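Some notes on the structure that comes next.
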Amino acid sequence: MRSFSSIFRKCLVIAGSGLVSLAITLGLLEAALRLYEKVQPDFVLAAGSYNRFRGEPYGREYDGVLNSQGFKDAEYTVMKKPETKRIVALGDSFAYGVVPIKDNFLTLLEEMLQAGGPAEVKTEIVNMGIPGIGPRDYLSLFVNEGMGLDPDAVFCFLYIGNDLEEALEGEKEWYNSSRVSILARFLMNLRAVNPGRLINRTPIYDDAGETYSRAHYLSMMQSRLIFFDRSHRALLTCIHATIQPLEKIGKLCEAKGIPFVVVLIPDELQVDSRLQREVLAGEPQEGRGRFDFSLPNRILMDQLGQKRIAAIDLLSVFRQVGGQLRLYKPNDTHWNLAGNRLAANQLFLFLQRNSRVAAARANAG
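Heads up, the sequence shown stops at 371 in this note's numbering, and the numbers go up one at a time, no gaps.
Spelled out as structure tokens, the structure:
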């Protein structure tokens, strides 16, 4: 008995020393990563900066080239010409787009506005989309760079997916601030994207190409079910945290007399009923009725309306068209070519309607 107790105590000592060693190792690694970040900022570690996933200036994208600011757009000057109407577009990878620059919905929208407007007026859309950022980053990006471009309107594209996920993760400060955690998540994500190939160097865009494995994609969609769960208490907290930075952008725009519009981008899980059935297959039959795939949009539109922020919800039209036409890349959260065209058309119609309303009000005045 004494022998067993002695062995057990020794095991506890060894385990304790192992945990202490692990804690010291992680602490030293955390300190080393933070020091490295100071010396050589890197997008993997710079968790507090919207530049962490910014494109490389003049970097190649399929058959196009990013501009000098690392944005997926044509080159622009800070000072706009007197005859130019400028729209600043804030967003994440949806605004940046996974399609070639010429097929991006903001590029298409710019072409529509130029073709449909007066010949003496040039409409310019500055696409400031940066992959991997969220609402708090949109505010920082606008304050640091967007306001200085003297915009005539500001559009912010809010994705019903990782934009809400960011708000949920914002409650876990250690999760977002630990450089060891950030590095581990980055390495895990690298393994999930394009298995066997870390960097996509394909010069030709493939509209039918799959980005994730089906299993990984379904896992991503299942993690987002909480945003459509009527019984989940975190949803309202997430939406409140999401709207706060948007409200600040709106107030900055209002002070300068700049129209501000939030565009709600639907997740594929909200649009594709077959994907919904596949994801809900892992849920108990009797509990599936608690999921409402329009829920966050209704709450967001209501709260944005209360704060007098103009908003467009693309969910309804994407559901309608998505029943006959695929709008997202396979096993990917982003729009394909058809999805980008549909978004451009809807935004063009919105701007047309609002310009007519503005003209009618001016004439009435």
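Glycine is no exception: its CB is placed at the ideal position from the N, C-alpha and C atoms.
Remember, it's a predicted structure, so these values are computed and weren't measured experimentally.
Compute the Euclidean distance between the alpha carbons of residue i and residue j, then round it to the nearest angstrom.
{"i": "THR248", "j": "TYR211", "result": "33 Å"}
{"i": "LEU331", "j": "ARG230", "result": "23 Å"}
{"i": "MET134", "j": "ILE318", "result": "19 Å"}
{"i": "LEU28", "j": "GLU172", "result": "29 Å"}
{"i": "ALA101", "j": "VAL277", "result": "19 Å"}
{"i": "PRO265", "j": "CYS259", "result": "7 Å"}
{"i": "TYR334", "j": "ILE30", "result": "46 Å"}
{"i": "GLY295", "j": "PHE234", "result": "11 Å"}
{"i": "PHE77", "j": "GLN309", "result": "31 Å"}
{"i": "ASP69", "j": "GLU292", "result": "50 Å"}
{"i": "HIS222", "j": "THR90", "result": "45 Å"}
{"i": "PHE59", "j": "VAL327", "result": "32 Å"}
{"i": "ARG197", "j": "THR217", "result": "Because ARG197 carries a pLDDT of 44, less than 50, the predicted location of this residue cannot be relied on, and no value is offered for it."}
{"i": "ARG236", "j": "GLY311", "result": "21 Å"}
{"i": "ARG325", "j": "ARG283", "result": "15 Å"}
{"i": "ALA349", "j": "ASN110", "result": "10 Å"}
{"i": "GLY122", "j": "LYS86", "result": "20 Å"}
{"i": "LEU115", "j": "PHE299", "result": "28 Å"}
{"i": "ALA287", "j": "GLY263", "result": "49 Å"}
{"i": "PRO63", "j": "PRO290", "result": "49 Å"}
{"i": "ARG273", "j": "ALA37", "result": "It should be noted that the sequence gives Asp, not Arg, for residue 273. About 38 Å."}
{"i": "MET227", "j": "PRO88", "result": "46 Å"}
{"i": "LEU41", "j": "GLN75", "result": "27 Å"}
{"i": "LEU224", "j": "LEU25", "result": "35 Å"}
{"i": "THR243", "j": "LEU170", "result": "10 Å"}
{"i": "GLY61", "j": "LEU155", "result": "19 Å"}
{"i": "MET153", "j": "LYS257", "result": "12 Å"}
{"i": "THR113", "j": "GLU151", "result": "20 Å"}
According to the Cβ coordinates, are residue i and residue j closer than 8 Å?
{"i": "LEU119", "j": "PHE354", "result": "yes"}
{"i": "VAL268", "j": "ILE315", "result": "yes"}
{"i": "TYR56", "j": "ILE136", "result": "yes"}
{"i": "VAL84", "j": "PRO157", "result": "no"}
{"i": "ILE166", "j": "ASN303", "result": "yes"}
{"i": "ILE139", "j": "ASP98", "result": "yes"}
{"i": "PRO336", "j": "ALA214", "result": "yes"}
{"i": "LEU6", "j": "LEU270", "result": "Nothing about residue 6 can be reported from this structure: the residues present for the chain run from 7 to 371 only."}
{"i": "LEU446", "j": "LYS254", "result": "Nothing can be reported for residue 446: it is not among the residues displayed for the chain, which extend from 7 to 371."}
{"i": "LEU96", "j": "VAL149", "result": "no"}
{"i": "ASN73", "j": "GLU67", "result": "no"}
According to DSSP, simplified to helix, strand and coil, what is residue i?
{"i": "ASN133", "result": "strand"}
{"i": "GLY122", "result": "helix"}
{"i": "ILE93", "result": "strand"}
{"i": "GLN358", "result": "helix"}
{"i": "ALA214", "result": "coil"}
{"i": "ARG325", "result": "helix"}
{"i": "ARG66", "result": "strand"}
{"i": "PHE297", "result": "strand"}
{"i": "ASP308", "result": "helix"}
{"i": "ASP273", "result": "coil"}
{"i": "ILE318", "result": "strand"}
{"i": "VAL71", "result": "strand"}
{"i": "ASP235", "result": "strand"}
So if DSSP puts residue i in a beta bridge, which residue, or which two residues, is it bridged to?
{"i": "GLY138", "result": "Per DSSP, none; premise fails for GLY138."}
Below 8 Å on the Cβ atoms is my contact criterion, and I expect residue i with residue j to pass it. Report the Cβ-Cβ distance as a whole number of Å.
{"i": "PRO251", "j": "ARG142", "result": "5 Å"}
{"i": "LEU306", "j": "ILE245", "result": "6 Å"}
{"i": "VAL104", "j": "HIS340", "result": "4 Å"}
Answer yes or no: does any C-beta atom of chain D fall closer than 8 Å to that of residue i?
{"i": "LEU96", "result": "Looking for chain D here will not work: only one protein chain is present."}
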